[in-house]
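Note that the protein sequences, when read in sequence, are chains A and B. Residue 1 is where the first sequence starts when you use the numbering used here, and the numbers rise one by one after that. Residue 1001 is where the second sequence starts when you use the numbering used here, and the numbers rise one by one after that. Scroll down for the structure; my scribbles are underneath it.
Protein chains: 2
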Amino acid sequence: MTHKHRATWAAVFIAAAIGCGSPGPEQEMEVRRNWAIAIHGGAGHFGEEDLTAEQQAAYTASLSAALAAGEEVLQQGGNSVEAVETVIRIMEDDSLFNAGRGAVFTAEGIQELDASIADGFTRNCGAVTGIRGYRHPISVARSVMDSSEHVFFSGHGAGAFAAAMGHEPALDEWFFTEKAHKRYLRAKRRAAKSDALADKKGTVGCVALDSQGNLAAGTSTGGMTYKKHGRIGDSPIIGAGTWADNRTCAVSATGWGEYFIRTGVAQDIHGRMLHGDESLVEACRNAIFDEMGELGGDGGVVALDASGTIALVCNSAGMFRAWSSPDGRGVSMFGTTLEGTVEVQ
Amino acid sequence: MTHKHRATWAAVFIAAAIGCGSPGPEQEMEVRRNWAIAIHGGAGHFGEEDLTAEQQAAYTASLSAALAAGEEVLQQGGNSVEAVETVIRIMEDDSLFNAGRGAVFTAEGIQELDASIADGFTRNCGAVTGIRGYRHPISVARSVMDSSEHVFFSGHGAGAFAAAMGHEPALDEWFFTEKAHKRYLRAKRRAAKSDALADKKGTVGCVALDSQGNLAAGTSTGGMTYKKHGRIGDSPIIGAGTWADNRTCAVSATGWGEYFIRTGVAQDIHGRMLHGDESLVEACRNAIFDEMGELGGDGGVVALDASGTIALVCNSAGMFRAWSSPDGRGVSMFGTTLEGTVEVQ
C-alpha cells in the first residue's frame, strides 16, 4: 500500500472543532471514511442576531449547494484539486460571498481579486493577486499551478497569463453587486473620518481529501473592503492563506489577512503537525489562538488531515462553514454552539 | 533579565555551516557575542572557474563594504531592522547584484523589483512586489511595515504607496546596466528556441541580531532574468524568502523562488526550530536539502538564531555570502571549502 493510498478506507478519528470565539468543545469518534471536504465563506464578528432568518437561509443554501458540488466530485472518485476548484468556482459566482462576483471594492472603487490553490500530492501550487476581468480567479490560479513555470502572478501579469490560457473574461458589471458597492460607500464615508479598517468578511475557501488519499486546498477573495490599490492579503499566499501537503494537512484561511501573513497560519499548522507531532485540531487551535490571535488578529481556518479529520476553527464570533464526509454533513455559522458536531455525526 | 535581552553577552555556540553543493562540514565553538550579521548576494551554479580573479575581487569588495555598514550599525548599538535596511540599500545601489540598480529584466524588457523585511521582536513585516521607479525597494518595504495597516503591496499600488511616503524615485536609466541587459538579450534568444528558464542569480539579503537580542531579516531582488510580467518569486513573501521571530531565527533566502514558495523555506526553518527542537543549522540544512532540494529546487539561506549562531547553507554550487560578529568576519563564494569557518573564528 503506497503512501498515496494510505487514507483509503482506513479507520480514523474525526474531530470537528467548531468552537469559535473561545477555545470550544471538540468531539472525536472512530469511523471509516474515504473522502472529506470542508468549505468556508468567510469569518467575522457576527452572531445570530446580525443575520435575519432569510439571510441565514440564503447562506445555508449557498454553502450547501457549493458543498454538494464538491461531494459529487469526490463521491465519483474525482481528485481533491478538482473538488476544490469546482466548489470555489461556484462560490465565486455566488454574490453572497466576497470572491469573484460580489467581491468588495478597493479604496479606488475597483475590484482586485486574489486566489490560490495547492496540491498536497505534488506539493505544487498556483496563485494570482490583483487580477481583474476574469470570472474565476481560482481557475486562473490552477492554470498557474498546472501550466506555468512560475507559481504566483500579480496584476496585469496575472491578467496576461489568464488571457494566454484562454480563461473566461468578465466585465466589471459581472462583478458589481449593490451590496459590495454599499459597503464601499460606507467605508469611504468612514475613511473620511478615520483610518479604521473596513470589514473583512466573505473570503471563500475549500479543503478536500479524495479517495486516493490526496489533499488539496484553495482560497479566493476580493480582499478587504476599501483596501488600498495593490494590497495583497493572505488568501493568495501559499503558507499564509492556503497550504496542502499529504504528509500533514490541507488548510484554507479567512480573516484579517495581515495577521495571517505575519504568522504564516496555514504553514504554521503544517509545521506543528510535521515537527511538533500535534494533531490537526491541536495545530489549528494553537495557530489560531496562540499565534495569530495573540498578535491581535482574528479569523479562522477550515482544515483536513490525510486521514480525514475535519477541523473548523476560528477566534472570531462567526465563520460561514460547511463540511461533509461519507459519515454526514453539516452547515454552521455562529459562535460556540454544538450544531456542527451534532450534524457531522 | 527580559527575554528581549537574553542574547546579550550570553555564552553561546556559533556554527558556521557553509558547505554548499552537498551537506558540508560544520564547526562549532563557544564564544561570547552580542551581535551578529550575515548577508548574501545570490546563489547559483558557479564555481571558482566561472569568475575571473578580477570579478572575485569585485564581489569580495562589495560584500565586505555592505557588511561593514551593517557592522557599524550594530557596533554602535543600532537595531537589527536598521542594520538590515542599511546593508540592503547599499547592495541595491551596487550594480554587481540583482537588486535595485543592476536588477535583471523581465521578458517584456522592464525591471520589476521585489523586497521584504521582517522584525523578529514585533513580528511585523512589510513587502512590495513588482515595484518600479523607486531606488530602494527595501526602504519601501520597511515603510509598509512601519507605516501601513497592510503588509504587502504589488505593482502600481506599491508605487503609489512609495510616492505617498516620499521615497526616492529613480528613472529607468538608474536601474539599467549593460550586464543585466546582455543577460536579457541572451535569455530572449534562448527563449525563442525553448522555454528554458534563464539564470536566477543575484538576489541580496541580510539577517541581523542586535545587542538587544532582536532579530531581523530582509531580502531584495529583481527576480529572474526574463521572468514573465507580474511573476512573484519568494523574495517578497514572508515565510518563503524572509522570516524573523526572536523565539527562533532570522532567515533570508536566495535561489529558485518557485521552490522556495512551494516549501515555505524561511518559515520551515522557524517551524523546525520552534516545534521540532532542531538547531538553527539542522533546520537550515533540512529545509534546504530535504524539503526544497528534494522537490528539485536550488539555492540557499543566510540565517541567525537569537543566540548569535550563524548558518550559511545552500545546495547550489555557490552563494555569495559574508558574515560577521565581534569574533570575526568572513567573505565566501564557492562550494564546500572551509574558508568560511576558518575566517569566522
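Think of the CB as a built atom: it goes at the ideal place given N, C-alpha and C, for glycine as much as any other residue. These numbers were taken from a predicted model, which means no experiment stands behind them.
Buried versus exposed call for residue i [16 or more other C-beta atoms within 10 Å across all chains shown]
| i | result |
| --- | --- |
| Thr341 of chain A | Caution is warranted here: a pLDDT of 32 is assigned to Thr341 of chain A, below 50, making its placement in the model unreliable, and no coordinate value can be reported. |
| Gly1264 of chain B | buried |
| Ala1057 of chain B | exposed |
| Ser1022 of chain B | For Ser1022 of chain B, the predicted model reports a pLDDT of 44, less than 50, meaning its position is unreliable; a value from the coordinates is still stated below. So Ser1022 of chain B ends up on the exposed side. |
| Ala164 of chain A | exposed |
| Leu1304 of chain B | buried |
| Ala61 of chain A | exposed |
| Pro169 of chain A | exposed |
| Arg272 of chain A | buried |
| Arg189 of chain A | exposed |
| Asp277 of chain A | exposed |
| Gly230 of chain A | buried |
| Gln1055 of chain B | exposed |
| Ala1233 of chain B | The sequence as given places Gly at residue 1233 of chain B; Ala does not occur at that position. Buried is the call here. |
| Thr106 of chain A | buried |
| Ser325 of chain A | buried |
| His270 of chain A | buried |
| Pro25 of chain A | Since pLDDT at Pro25 of chain A reaches only 36, below the 50 mark, its modelled position is unreliable, and the value read off the structure follows with that caveat. The residue in question, Pro25 of chain A, is exposed, as its Cβ has fewer than 16 Cβ neighbours within 10 Å. |
| Ile14 of chain A | Per-residue confidence for Ile14 of chain A stands at a pLDDT of 41, beneath the threshold of 50, marking its modelled position as unreliable; no derived number is given. |
| Gly241 of chain A | buried |
| Asp94 of chain A | buried |
| Glu1049 of chain B | exposed |
| Glu173 of chain A | exposed |
| Gly1299 of chain B | buried |
| Gly1280 of chain B | Sequence check: residue 1280 of chain B is Leu here, not Gly. Flag for Leu1280 of chain B reads buried. |
| Leu1171 of chain B | exposed |
| His1136 of chain B | buried |
| Asp1245 of chain B | buried |
| Ala1158 of chain B | buried |
| Glu1294 of chain B | exposed |
| Ile18 of chain A | With a pLDDT of only 45 at Ile18 of chain A, under 50, the local geometry of the prediction cannot be trusted, and the value read off the model is given with reservation. By the 10 Å Cβ count, Ile18 of chain A comes out buried. |
Host alpha helix (DSSP H) of residue i (start-end)
| i | result |
| --- | --- |
| Gly155 of chain A | Gly155 to Ala164 |
| Ile138 of chain A | Pro137 to Ser147 |
| Glu108 of chain A | Segment: none, Glu108 of chain A is in no alpha helix (DSSP H) and carries neither H nor E. |
| Phe1175 of chain B | Asp1172 to Phe1175 |
Reference residue i, options the options, closest by Cα
| i | options | result |
| --- | --- | --- |
| Glu178 of chain A | A:Glu294, A:Thr122 and A:Phe97 | A:Phe97 |
| Tyr351 of chain A | A:Lys182, A:Glu85 and A:Ile288 | Beyond the ends of chain A as shown, which are 1 and 345, falls residue 351 of chain A; an answer cannot be given. |
| Ile310 of chain A | A:Ser252, A:Phe153, A:Ser143 and A:Ile117 | A:Ser252 |
| Thr219 of chain A | A:Leu171, A:Thr129 and A:Lys188 | A:Thr129 |
| Gly1077 of chain B | B:Ser1325, B:Asp1268 and B:Asp1210 | B:Asp1210 |
| His167 of chain A | A:Asn79, A:Glu149, A:Ile138 and A:Gly70 | A:Ile138 |
| Gly1120 of chain B | A:Glu112, A:Gly233 and A:Arg262 | A:Arg262 |
| Gly47 of chain A | A:Asn315, A:Asp327, A:Pro326 and A:Trp323 | A:Asn315 |
| Cys125 of chain A | A:Arg135, A:Gly133 and A:Ala141 | A:Ala141 |
| Phe152 of chain A | A:Ser235, A:Trp174 and A:Asp268 | A:Ser235 |
| Val87 of chain A | A:His40, A:Gly318, A:Gly70 and A:Ile288 | A:Gly70 |
| Ser1116 of chain B | B:Gly1109, B:Gly1102 and B:Ile1131 | B:Ile1131 |
| Leu1113 of chain B | B:Val1207, B:Met1333, B:Val1073 and B:Ala1162 | B:Ala1162 |
| Gly1297 of chain B | B:Leu1051, B:Ala1306 and B:His1045 | B:His1045 |
| Gly1133 of chain B | B:Ala1053, B:Ala1083, B:Arg1186 and B:Gly1222 | B:Gly1222 |
Boundaries (first-last residue) of the beta strand (DSSP E) holding residue i
| i | result |
| --- | --- |
| Ser1220 of chain B | Leu1215 to Thr1221 |
| Phe1320 of chain B | Gly1318 to Ser1325 |
| Ser116 of chain A | Leu113 to Asp119 |
| Asp245 of chain A | Thr242 to Asp245 |
| Val1204 of chain B | Val1204 to Leu1209 |
| Val1128 of chain B | Asn1124 to Ile1131 |
What ranges does the beta strand (DSSP E) occupy inside the region 1021 to 1103 of chain B, keeping only unbroken runs of at least 3 residues that lie completely in it?
1028 to 1032 and 1036 to 1044
Quick one: which residues of the region 1150 to 1171 of chain B get their C-beta closer than 9 Å to a C-beta of chain A? List them in chain order.
Answer in chain order: His1150, Val1151, Phe1152, Phe1153, Ser1154, Gly1155, His1156, Gly1157, Ala1158, Gly1159, Ala1160 and Phe1161.
Taking beta-carbon pairs under 8 Å, can you tell me which members of the region 1217 to 1232 of chain B lie near chain A?
In summary, the residues of the region 1217 to 1232 of chain B whose CB is separated from some CB of chain A by less than 8 Å are Lys1227, Lys1228, His1229, Gly1230, Arg1231 and Ile1232, in the order they occur in the chain.
In the region 1255 to 1336 of chain B, which residue ranges form an unbroken beta strand (DSSP E) of at least 3 residues, counting only runs that do not cross its ends?
Here the runs fully enclosed are 1299 to 1305, 1310 to 1314, 1318 to 1325 and 1328 to 1334.
Check each residue of the region 103 to 128 of chain A: if its Cβ is closer than 7 Å to any Cβ of chain B, include it; give the result in chain order.
Arg123, Asn124 and Cys125
Mind listing which residues of the region 270 to 301 of chain A have their C-beta closer than 8 Å to chain B's C-betas, in chain order?
Considering only beta carbons, the part of the region 270 to 301 of chain A lying closer than 8 Å to chain B consists of His270, Gly271, Arg272, Leu274, His275, Gly276, Glu278 and Leu295, in chain order.
Any C-beta of chain B within less than 8 Å: which residues of the region 171 to 185 of chain A qualify?
none
Please identify, using Cβ separations under 7 Å, the residues of the region 127 to 148 of chain A that lie next to chain B, in order along the chain.
Thr129 and Gly130
Mind checking the region 1238 to 1254 of chain B against chain A and listing, in chain order, the residues whose C-beta falls within less than 7 Å of any C-beta there?
Ile1238, Gly1239 and Ala1240
Along the region 310 to 336 of chain A, where does the CB come closer than 7 Å to a CB of chain B? Name the residues.
none
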